[in-house]
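K.L.:
My questions all concern the structure below.
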Amino acid sequence: MGPLWTPSEERVNSSEMTRFQNWLSTQVGKNFSSYSELHDYSIRESDAFWSHLLDYYQVKVSGDASLVCEDYGFSQYGWFPNLKLNFAENLLRHRESSDCALHFIHESSLQKKISYQQLYRDVSCLQQSLKGLVNKGDVLAAYMPNLPETAISMLACTSLGGVFTSTSADFGIEGVVDRFGQSKPKVLVTVSSYEYNGKRHSLIPKLKEITSRLEGIEKVIIVNFLNDDEDISEIPGAISWSDFLSNSNTDEEIDFTPVAFDDPLYIMYSSGTTGKPKCIVHSTGGTLLQHIKELGLHSNLNKDKSIFFFTTCGWMMWNWLISSLYFGSRVCLYEGSPSYPSLGEYFEVIKREEINIFGTSPKFLRALEDSGYRAPELPSLETILSTGAPLMSDQYEYIYRDLKEDVSVSSISGGTDILGCFMLGNPNLAVYAGEIQCAALAMAVDSFKSTGESQDIGVPGELVCTKSFPSRPLYFLGDEDGKRIKGAYFDQFPNTWAHGDFIEKTEHGGIKVHGRSDATLNPGGVRIGTAEIYRQVEGIEWVEDCLCVGLQEDGDVSVVLFIKMAPHEILSDERITQVKKEIRSNTTPRHVPKYVSSISDIPYTRSGKKMELVVTHILAGREIKNIEAIANPESLSDYREWAKSLS
């Protein structure tokens, strides 16, 4: 099958990837005739590539950049060991610009625009008030909606050399305590209340318990987002945002604290579905450099573009999105439900606000398609990014049929573990249904057989990275001997990062993601990615959603398919036969589920990922320890009942 979309010659010639490629050619005296050649160079000459990227984007650093990496073998980090920088200083490099930096839009139609000049002043005011509270290495936590104050808090914290961490305001008490109880913030920034899907939610009752259970918090700064009259007096150390800033001077220059390239910047969290979440610590320089590469080159972002990625502050895509400030771009912060007041609201925003790059998830795109949604004319939209799960072939087709014909569709894949991407888009490459366009520059991505050998094209294998990269996590909190981080990524193959995804290299140089390795099905010893089954089922008109897991029985693995039916539809025997026939005809007999059952709902993480492993544990009779990680925990009761019906 041919490509669904091919960039025009004009588009290729004017892309940021082409500009960088041409510039690099003059620096190294080598012509790159294709992306494949450029990627090969970035792997083979890793030191030179990262050094050139630093120069090309004029990252503000001090010190000697001649030593790039002390060890590419993952045994230690050691990136740019002789450099110092400040993350906030780099993101505020356009401080003199009157252009819009943050464009906040709320589901209620409330809007606020903050210029780069104003953003600098706002960060300065908060930094002044935080001095003495937050020093280098201290943690500031945000329990916040996606507000400008969240970004301002991050920038003020990191300007002082502090470490920033966040969760979204919809997290429950246990979810917040499980995370911040490990990261131990000195300062907590939060709101008294927020609004979602047209409903107001007070955080005050939660905050009373959360602050009583967290040790070491010296100040709780509360933003009065909805201008309510919530009483904060019973929260220890609480002060309103406005009162906290009351003595600051808007004209004061920011005193940026320089930190080492590998000093901590962010603490991120795993989903924590089988226990407390892992606290993953990411570096300052590694995060910045990786995000510059991914946003600038692979996403074609520059100062003349606007970007809108729907995310909460509890997902890594928020951190990724905020790094767009580096380019002087207009960053759209949307707070609210994707279906309120209507399912097509995002596209009204894209059209009205002339958004160029839009980021979303396969789950949202599926909801659009199921509703029969067709987008209005979107002349400004150049790129649609999708992440959180594999984007199915039929979803690519839906985008080009009903959303926009001339648009680059970039499925991107990486994770919280690396705070970035292994595979993502490329403005210069064609788009094929069901395929991520390419491996990221300087990421030595491969698919491995179980023996540790490179897998053939067209055959699924383990996603690995065979060479270190700047955004490799520094460490896990509480993992002093490094055993947990080694076990998470490096035990499967010697000196190689094993990410836990099941992927397939394609003849076009792209990648298909077949799902998580730990959710891979293994009937009769044959490995099957769950996405291979989803591709066949999710396009059926009477299917709203589905989830596929493996059930251990009789010494083998049986494939179990749970289907959430579309409204007013029933799973009959005839439809079960139809599903099995569809799967068999497009895959293999081993893909055909032994059990097909109707279910009321599919469990998801708060960032929109199907929770296959949780259901696998339920069917195996294991305890689910961290219900707070699940966006809709009430959905699990049906699976427990189904498991009981087998016994």
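All residue numbers for the sequence shown refer to this note's numbering, where the first residue is 6 and numbers rise by one. Here a beta-carbon is modelled for each residue, glycine too, at the ideal position from N, C-alpha and C. Just so we're clear, the structure is a prediction, and the values are computed from it rather than from any experiment.
#1: Label residue 582 either buried or exposed according to how many other C-beta atoms from any shown protein chain fall within 10 Å of its C-beta, with 16 as the threshold for buried.
#2: Helix, strand or coil for residue 118? Go by DSSP, reduced to three states.
#3: Might you give, ordered along the chain, the residues of its own chain that have their beta carbon closer than 8 Å to the beta carbon of residue 360, omitting 5 neighbours on each side?
#4: For residue 233 and residue 198, what's the separation of their Cα atoms in angstroms?
#5: In terms of residue numbering, what span does the alpha helix (DSSP H) encompassing residue 493 cover?
#6: Which residues does DSSP pair with residue 146 in a beta bridge?
#7: Can you tell me where the beta strand (DSSP E) with residue 365 in it begins and where it stops?
#8: Quick test of your reading: residue 291 and residue 28, contact by CB under 8 Å. State the CB separation rounded to the nearest angstrom.
#9: When DSSP labels each residue in this structure, what does residue 559 get in the three-state scheme?
#10: Run through DSSP, which three-state label would residue 393 get?
#11: Work out the CA separation of residue 128 and residue 186 for me, nearest whole Å.
#12: Smallest Cα separation from residue 633: which of 649, 551, 612?
#13: Run the CB neighbour count on residue 180, radius 10 Å, all protein chains shown included, and call it buried at 16 or more, exposed below.
#14: Does residue 300 come out as helix, strand or coil in the three-state DSSP assignment?
#15: Tell me where the beta strand (DSSP E) around residue 466 begins and ends.
#16: For residue 439, name the three-state secondary structure that DSSP assigns.
#17: Excluding five sequence neighbours on each side, which residues of the same chain lie with their C-beta closer than 6 Å to the C-beta of residue 96?
#18: Going by DSSP, name the residue or residues bridged to residue 453.
#19: What separation, rounded to the nearest whole angstrom, lies between the Cα atoms of residue 516 and residue 24?
#20: Return the chain-ordered list of same chain residues with a C-beta closer than 7 Å to the C-beta of residue 342, the five sequence neighbours on each side being excluded.
#21: When you compare only the Cα positions, how much space is there between residue 527 and residue 59?
#22: Could you tell me which of 639, 323, 513, 26 sits nearest to residue 8, measuring between CA atoms?
#23: Can you tell me which of 93, 264, 153 puts its alpha carbon nearest to the alpha carbon of residue 229?
#24: Where residue 564 and residue 502 are concerned, what is the direct C-alpha to C-alpha distance, given to the nearest angstrom?
#25: Is DSSP giving residue 625 helix, strand or coil here?
#26: Below 8 Å on the Cβ atoms is my guess for residue 218 versus residue 182; work out the distance and round it to an integer in Å.
#27: Counting along the chain, where does the alpha helix (DSSP H) carrying residue 476 start and finish?
#28: Determine the closest residue to residue 654 out of 270, 333, 568, with distance taken between C-alpha atoms.
#29: Would you mind sorting residue 397 into buried or exposed? The rule is 16 or more other CB atoms within 10 Å of its CB.
#30: Please list the segments of the beta strand (DSSP E) lying wholly inside the stretch 199 to 281, counting only runs of 3 or more residues, in order along the chain.
#31: With a threshold of 16 other CB atoms inside 10 Å of the CB of residue 260, please say whether the residue is buried or exposed.
#32: What number of angstroms, rounded off, separates the C-alpha of residue 454 from the C-alpha of residue 497?
#33: Could you name the residues that DSSP lists as bridge partners for residue 286?
#34: Going straight from the alpha carbon of residue 470 to that of residue 205, what length do you get?
#35: Given this structure, state the Cα-to-Cα distance separating residue 538 from residue 617, to the nearest angstrom.
#36: When you compare the stretch 158 to 166 with the stretch 290 to 307, are there three or more beta-carbon pairs, one atom per stretch, that lie closer than 8 Å?
P.N.:
By the coordinates alone:
#1: exposed
#2: strand
#3: Cβ neighbours of residue 360 beyond the five flanking positions: 311, 312, 313, 337, 354, 385, 386.
#4: 8 Å
#5: 488 to 494
#6: 170, 193
#7: From DSSP, the beta strand (DSSP E) with residue 365 extends over 362 to 365.
#8: With a Cβ gap of about 23 Å, residue 291 and residue 28 do not count as contacting.
#9: coil
#10: Coil.
#11: 26 Å
#12: Closest by alpha carbon: 612.
#13: For residue 180, the number of other beta carbons within 10 angstroms of its own is at least 16, and it is reported as buried.
#14: helix
#15: 466 to 470
#16: coil
#17: Result list for residue 96: 330, 331, in chain order.
#18: 459, 467
#19: 25 Å
#20: 112, 201, 202
#21: Between residue 527 and residue 59, the C-alpha separation is close to 44 Å.
#22: 513
#23: Nearest in C-alpha terms to residue 229, of all of 93, 264, 153, is 153.
#24: 29 Å
#25: coil
#26: 5 Å
#27: Here residue 476 belongs to no alpha helix (DSSP H), and DSSP marks it neither H nor E.
#28: Not covered by the structure: residue 654. The range shown for the chain is 6 to 652.
#29: Of the residues assessed, residue 397 falls on the buried side of the cut-off, its CB having 16 or more other CB atoms within 10 angstroms.
#30: 204 to 207, 224 to 228, 243 to 245, 269 to 274
#31: exposed
#32: Taking the straight line joining both Cα atoms gives about 11 Å.
#33: 272, 480
#34: 45 Å
#35: 13 Å
#36: These segments do not touch.
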